[in-house]
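Mapping of the first sequence onto our numbering: position 105 corresponds to residue 179, and the numbering continues sequentially without gaps.
First up is the structure itself, then whatever we jot down about it.
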Amino acid sequence: MSSNIFTHKVIDIIRNIPEGKILSYGIIAYMAGNPKGARRVSWILHSMSEKYNLPWWRVVNSKGIISIKTEEGIELQKKKLKKEGVRFTEDCQIDLNFYVWKKFK
DNA sequence: CCACTGACTACTT
DNA sequence: CAAGTAGCCAGTG
């Protein structure tokens with residue numbers, strides 16, 4: 075298995091997202107040192123979220139919308155986020171300006 | 001090595 | 001704003 079720096083950083087970042095906050099794939103990739111690595115973040119979530127206990131539900135796409143492909147996954151993510159106090163618009167979109175984790179700013 | 005895939009993104013029509 | 005396109009890069013067969 076690959077254990078490169080990028081993967082490690084992505085996992086580390088995701089594990090440190092506070093409750094009620096979210097990040098986008100692109101932001102995570104940027105923080106991990108590879109602005110173009112958004113797609114890798116997605117497969118990391120796919121393959122590592124269970125093994126590393128990652129809060130995958132705090133990761134959405136750049137528009138603040140859940141990107142999971144299955145209806146079940148979307149419902150599960152919405153459920154978990156609501157529990158943490160994250161609000162959605164009618165289109166199930168999250169207010170990025172308010173909920174994105176801006177620790178790095 | 002080549003072709004295809006993906007829980008992405010930014011740009012163009 | 002919706003749909004299409006190109007770029008991205010590791011994993012898989």
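All C-beta atoms, glycine included, are put in the ideal place defined by N, C-alpha and C.
Identify every residue that forms a DSSP beta bridge with residue i.
{"i": "S98", "result": "V134"}
{"i": "I139", "result": "Q167"}
Going by DSSP in three states, residue i sits in which element: helix, strand or coil?
{"i": "V24", "result": "No answer is possible for residue 24: the residues shown for the chain start at 75 and end at 179."}
{"i": "V174", "result": "strand"}
{"i": "K179", "result": "In this prediction, K179 has a pLDDT of 44, which is less than 50 and means its spatial position is unreliable; what the coordinates show is noted afterwards. Here K179 sits in coil by DSSP."}
{"i": "S76", "result": "With a pLDDT of 48 at S76, under the threshold of 50, the modelled position of this residue cannot be trusted; read the value that follows with caution. Reduced to three states, the DSSP call for S76 is coil."}
Give every residue of the same chain whose Cβ lies closer than 8 Å to the Cβ of residue i, excluding the five residues on either side of it in the sequence, and list them in chain order.
{"i": "G107", "result": "I79, F80 and K83"}
Which residues in the same chain as residue i place their Cβ atom closer than 6 Å to its Cβ, once the five residues preceding and following it in sequence are excluded?
{"i": "K110", "result": "none"}
{"i": "I148", "result": "I140 and I142"}
{"i": "L170", "result": "G138"}
{"i": "W175", "result": "I91, K95 and L97"}
Between residue i and the rest of its own chain, which residues show a CB-CB distance below 7 Å, the 5 nearest in sequence each way excluded?
{"i": "M122", "result": "I85 and L128"}
{"i": "C166", "result": "I139, I140 and K152"}
Return the Cβ separation of residue i and residue j in integer angstroms, given the expectation that the two are a contact with Cβ distance under 8 Å.
{"i": "K152", "j": "I139", "result": "That belief does not hold up - the Cβ atoms of K152 and I139 are roughly 11 Å apart, past 8 Å."}
{"i": "Y99", "j": "A112", "result": "4 Å"}
>> Taking 8 Å as the cut-off, does the stretch 87-94 touch the stretch 126-135 (at least 3 CB pairs, one atom from each stretch)?
In response: The stretch 126-135 vs the stretch 87-94: in contact.
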